[in-house]
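Numbering (the UniProt record's numbering), first residue to last: 1 to 176. Let me begin by presenting the structure, written as structure tokens, before commenting on it.
Here's what the structure looks like:
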């Protein structure tokens, strides 16, 4: 049996939950109504492999035989202000200094959600950059996959380079 879709419409809401291991999750519309299925492929088409619970999201919704589904992610509402994360490592940094750091394209080396951290490398540089799960949550992310492309702002901390902000990889692409 094949789902039939009706014309879509734009909707704002927030992520109820998303499990990258299962490959799906659900969104709750700001105006209420039934849960809306968010499939991992739809999220990947936006350039992310995960999204944190409670994150604001704008999607294109279609009605199918199985219910409402997101057909496209239009926007994920990231935090407008980098840090403060509550991490002691960031307490000594001025948020304006963090915002002034360049946005650089990077690739995830590894990330362990259970441990709450991982590492990434700026393209063309093998130097490890520490990525904490709290920094991900500010970006609306819950997890990162090895090899995933991201953008980040890195600062030199007491223990080396740390990601102070994680952004969609498109943020690092120069625009004409």
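Every residue gets a Cβ at the ideal spot worked out from N, C-alpha and C, and that includes glycine.
Same chain, Cβ closer than 8 Å to residue 34, neighbours up to 5 away in sequence not counted: 67, 68
Inter-residue spacing [alpha-carbon to alpha-carbon] between residue 156 and residue 137: 21 Å
Given residue 141 as reference, the closest of 52, 123, 119 once Cα atoms are compared: 52
Any non-hydrogen atom of the ligand COA within 8 Å of residue 32 CB: The ligand COA is not among the ligands present in this structure, which contains no ligands whatsoever.
C-alpha gap between residue 150 and residue 71, whole angstroms: 23 Å
Spatial distance of residue 15 from residue 56 (CA atoms): 7 Å
Exposure label - residue 170; buried when at least 16 CB within 10 Å: exposed
Counterpart residues of residue 77 in DSSP-defined beta bridges: Answer is none; residue 77 lacks a bridge partner.
Unbroken alpha helix (DSSP H) run spanning residue 97, endpoints: 95-100
Pair within 9 Å by beta-carbon distance, residue 162 and residue 172: It is not a contact, given that the beta carbons lie outside the stated cut-off.
Expected contact under 8 Å - CB spacing of residue 145 and residue 165 to nearest Å: That pair is no contact at about 19 Å.
Close Cβ partners of residue 75 (< 6 Å) along its chain, the five nearest in sequence each way excluded: 58
Start and end residues, alpha helix (DSSP H) containing residue 137: Element bounds for residue 137: 133-138.
Local conformation of residue 173 per DSSP, three classes: The answer is coil: DSSP assigns residue 173 none of H, G, I, E or B.
Contact belief for residue 123 with residue 106 at Cβ below 8 Å, rounded distance in angstroms: Taking the Cβ atoms as the reference, residue 123 lies roughly 7 Å from residue 106, within the contact range of under 8 Å.
Simplified DSSP state of residue 123, which is helix, strand or coil: Under the three-state reduction of DSSP output, residue 123 falls in the coil class, being neither helix nor strand.
In chain order, each beta strand (DSSP E) run of at least 3 residues that lies wholly inside the UniProt domain "CSD" (10-75): 24-29, 36-39, 56-64
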